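Trainee: Residue numbers (our numbering): 93 to 417.
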Amino acid sequence: MRETRSVAGGALLALTGGLLAAPAMAAEDNPADKAPESMLYDYPQKVAEGVWSAIGATQPYTYENSLHNNNLSFVIGEDAVLVMNAGASYQLAEALHEEIKKRTDVPVKYVVNENGQLHAAMATGYWIEQGAEVIGHVDAAEYYDSHAAAYEEQLKDIAKEKAEGTEAVPMDVTFEDRLELDLGGVTANVVYFGPAHSPGDISVVIPERDVVIAGDMAFNIRMLPIFEYTDTKAWLETWPKFAEVAEDKTIIPGHGGPTDLETVEHYTKDYLVFLRTEIGKMIDEGGTLQDAYELDQSQFSHWHTFDELAGKNAGRVFQKMEFEF
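Dropping the structure here:
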């Protein structure tokens, strides 16, 4: 196992460029598995020149989707390939790697984990075996390490034999602010914009391709989950920094297909504003936690994962906002 080293930062290149067209995922297109012959939920789609993404299921973890319910993206340079998200399991990472090798002979040298969640980071060990450096924000690495044992059990419980070969291995490179990676003719700027969905959420900006791989900073198609550690106030304060960079670029969100800033703002910022506004009124009027669970969110009922998350999200926002006043 490699010795973990920390990178404090690096210069971020000036970001310019216009929006590049990218395919979108229809909201009603949500089968249990789009590629049953593969561990991947779906095969990689081309987003821009040298930029690909295997769009995960806009569903919770299941055996059928092999816990590929986030986006696994990769960027091909002349000298190196960068992968965004190690993946949930050794076998899933191996399947993604096979797809990469169908498209290029350039080696994978960098793997960036968007955060420390199971589906982002549990296949870290596979990529280290391949000789890649696995990179994460210091907060994401700390969160991942503290949950590794629980992740292993959860993966075995859901994925069963698909979990074979997977062991929780620490990320071997961490950073705090930003990091610049030269892929050969293509630059990858790994950026921590600030607190968002999970500890250490980061994005990757590809200026030469006008693409932002947003990670869980931004969502599309599905309802975002609010966890007990999610600070929605801080997420909204972070959003303008992300939006300034992502404007007029193709965005690969953490969940859902490639799109533009307006779309991810609708599924992310606007939803957070809605929740905080309605829950704030509720608290002012003496409402209870039960009232929060029953908040009318029917305008979002067509979003994937609405049934699983709407009530929980409102309840968690209520519990946090009670202590903001």
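Quick reminder that beta carbons are idealized off the backbone N, C-alpha and C, glycines included.
No experiment lies behind these values; they were computed from the predicted model shown.
#1: Relative to the C-alpha of Tyr236, which candidate in Thr258, Pro262, Glu221, Ala251 has its C-alpha closest?
#2: Would you kindly work out how many angstroms separate the C-alpha atoms of Pro123 and Glu156, rounded to a whole number?
#3: How many Å lie between Tyr363 and Met176 at the Cα?
#4: Compare the Cα-Cα distances from Lys193 to each of Asp231, Asp249, Pro136, Ala241 and report the closest residue.
#5: Which residue wins for smallest C-alpha separation from Ala424, given the options Gly228, Lys404, Thr258?
#6: Quick check on DSSP: helix, strand or coil for Lys404?
#7: On a Cα-Cα basis, can you pick out the residue from His160, Ala140, Gly142 that is closest to Asp125?
#8: Which full runs of the alpha helix (DSSP H) of 4+ residues lie inside the segment 345-378, going along the chain?
#9: Out of Arg314, Ile343, Thr279, point me to the one whose CA is closest to Gly307's CA.
#10: Excluding the 5 residues preceding and the 5 following Pro115 in the sequence, name in chain order all residues of the same chain whose CB lies nearer than 7 Å to its CB.
#11: How would you call Phe319, buried or exposed, if buried means at least 16 neighbouring beta carbons within 10 angstroms?
#12: Drop a sphere of 10 angstroms on the beta-carbon of Gln389, count the other beta-carbons inside from all chains shown, and report buried for 16 or more, exposed for fewer.
#13: Please name the residue in Val173, Gly286, Gly208, Ala251 whose C-alpha comes closest to that of Met131.
Mentor: Let me lay it out:
#1: Pro262
#2: 10 Å
#3: 25 Å
#4: Check the Cα spacing between Lys193 and each of Asp231, Asp249, Pro136, Ala241: the tightest is with Pro136.
#5: What is shown of the chain runs 93 to 417, which leaves residue 424 out entirely.
#6: helix
#7: Nearest Cα to Asp125 within the set His160, Ala140, Gly142: His160.
#8: 353-359, 361-376
#9: Nearest option by C-alpha distance: Ile343.
#10: Its pLDDT being 37, under 50, Pro115 is placed unreliably by the model, and the measurement read from it follows with that caveat. Gln137, Gly349, Pro350.
#11: Counting Cβ neighbours within 10 Å, Phe319 comes out exposed, since fewer than 16 surround it.
#12: For Gln389, the number of other beta carbons within 10 angstroms of its own is at least 16, and it is reported as buried.
#13: Ala251
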